[in-house]
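Chemist: Residue numbers (this note's numbering), protein chains in the order written: chain D, 312 to 438; chain S, 829 to 892.
Glycine is no exception: its CB is placed at the ideal position from the N, C-alpha and C atoms.
Below you'll find the structure I mean.
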Amino acid sequence: MPFFATLGFILLVTILLIILRHDRPEIAMLLALAATAVIMVGLLKNVSEILLVFEDLAVKANVNTNYLKLIIKIVGIAYLAGFGAQICKDAGENSMAAKIELAGKIFILTMGIPIMVGILDLILKVF
Amino acid sequence: MDINLIFRIAGIGILISVLNMVLKQAGKEEQAQMLTLAGVVIVLFMVIQLIQRLFTDIRSVFGF
Numbered sequence: 312m313p314f315f316a317t318l319g320f321i322l323l324v325t326i327l328l329i330i331l332r333h334d335r336p337e338i339a340m341l342l343a344l345a346a347t348a349v350i351m352v353g354l355l356k357n358v359s360e361i362l363l364v365f366e367d368l369a370v371k372a373n374v375n376t377n378y379l380k381l382i383i384k385i386v387g388i389a390y391l392a393g394f395g396a397q398i399c400k401d402a403g404e405n406s407m408a409a410k411i412e413l414a415g416k417i418f419i420l421t422m423g424i425p426i427m428v429g430i431l432d433l434i435l436k437v438f
Numbered sequence: 829m830d831i832n833l834i835f836r837i838a839g840i841g842i843l844i845s846v847l848n849m850v851l852k853q854a855g856k857e858e859q860a861q862m863l864t865l866a867g868v869v870i871v872l873f874m875v876i877q878l879i880q881r882l883f884t885d886i887r888s889v890f891g892f
């Protein structure tokens, strides 16, 4: 999706949201959700290209690809958690946004702990 | 890009606002409430398909 198309799309959605927000806040929230989903689906193609380049670099640098895959998964979780939290904040539900962020942090921590343990094991082996 | 879907959602929202005003003027508060609910459900059905597509795309890109 080209940048100017995205920009125009977002400006158009903003105008529609201003029209709707006043008397139909629930439909405005759903519209914002739909617009976010459309934009993210458009951006994912670019993201996948970037990730492919990273994987290529990791293979060239002889980095363990399992770790890279884990990191990519963590980025995905952060991306989705940010998406959900932003939608909740837009709808005025700040406490639910905080819960989504907490869930994202906990899942990221559970996925990251094996890497941390691996590093600690390596350090213990060296000394 | 699904610009048509966005227009459809905004159109449903505006249509429901207008119909709501008409029903309220006619003194049919309950029907206005039901109309609001129906509108939300219809739009939700459209949005849910999009969200499902987003989640499957994210799954395939980030390798879940």
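(1) Going by C-alpha to C-alpha distance, which of D:363, D:349, D:406, D:400 sits closest to residue 882 of chain S?
(2) Can you look up residue 839 of chain S in the DSSP assignment and give me helix, strand or coil?
(3) Can at least three beta-carbon pairs, one atom from the region 379 to 392 of chain D and one from the region 418 to 427 of chain D, be found at a separation below 8 Å?
(4) Since residue 402 of chain D and residue 340 of chain D should fall inside the 8 Å C-beta cutoff, what is the C-beta to C-beta distance between them, to a whole number of angstroms?
(5) Going by beta carbon distance, what residues of the same chain come within less than 7 Å of residue 426 of chain D, once the five residues before and after it are set aside?
(6) What's the gap between the Cα of residue 848 of chain S and the Cα of residue 857 of chain S?
(7) The alpha helix (DSSP H) that contains residue 887 of chain S, what's its start and end?
(8) In chain D, which residues lie with their C-beta within 8 Å of the C-beta of residue 892 of chain S?
(9) Measure the alpha-carbon distance for residue 359 of chain D versus residue 315 of chain D and round it to whole angstroms.
(10) Between residue 345 of chain D and residue 878 of chain S, what straight-line distance do the alpha-carbon atoms span, to the nearest angstrom?
(11) How far does the alpha helix (DSSP H) with residue 358 of chain D in it extend, from its first residue to its last?
(12) How about residue 338 of chain D and residue 327 of chain D: are their beta carbons less than 8 Å apart?
(13) If you follow the alpha helix (DSSP H) that residue 427 of chain D is in, where does it begin and where does it stop?
(14) On the CB-based measure, 16 or more other CB atoms within 10 Å of its CB, does residue 887 of chain S come out buried or exposed?
(15) Note down, in chain order, all residues in the region 312 to 325 of chain D with a beta-carbon under 9 Å from any beta-carbon belonging to chain S.
(16) Are residue 862 of chain S and residue 833 of chain S touching if we call contact CB-CB under 8 Å?
(17) Consider the Cβ of residue 349 of chain D: report whether some Cβ of chain S lies at a distance smaller than 8 Å.
(18) Is residue 848 of chain S helix, strand or coil when you go by DSSP?
(19) Which of helix, strand or coil does DSSP assign to residue 316 of chain D?
Modeler: Once the coordinates are examined:
(1) The candidate whose alpha carbon is nearest that of residue 882 of chain S is D:349.
(2) Secondary structure of residue 839 of chain S (DSSP, three-state): helix.
(3) The region 379 to 392 of chain D, when compared against the region 418 to 427 of chain D, does touch it at the 8 Å Cβ threshold.
(4) 5 Å
(5) 378, 381
(6) 9 Å
(7) Membership of residue 887 of chain S in the alpha helix (DSSP H) is indicated by the continuous run 857 to 890.
(8) 384, 387
(9) 20 Å
(10) 7 Å
(11) 336 to 371
(12) No, the pair does not count as a contact, with Cβ atoms beyond the cut-off.
(13) It spans 405 to 437 - the alpha helix (DSSP H) in which residue 427 of chain D sits, taken as one unbroken run.
(14) exposed
(15) 312, 316, 317, 320, 323, 324
(16) At the C-beta level, residue 862 of chain S and residue 833 of chain S stay beyond 8 Å of one another.
(17) yes
(18) Correct three-state label for residue 848 of chain S: helix.
(19) helix
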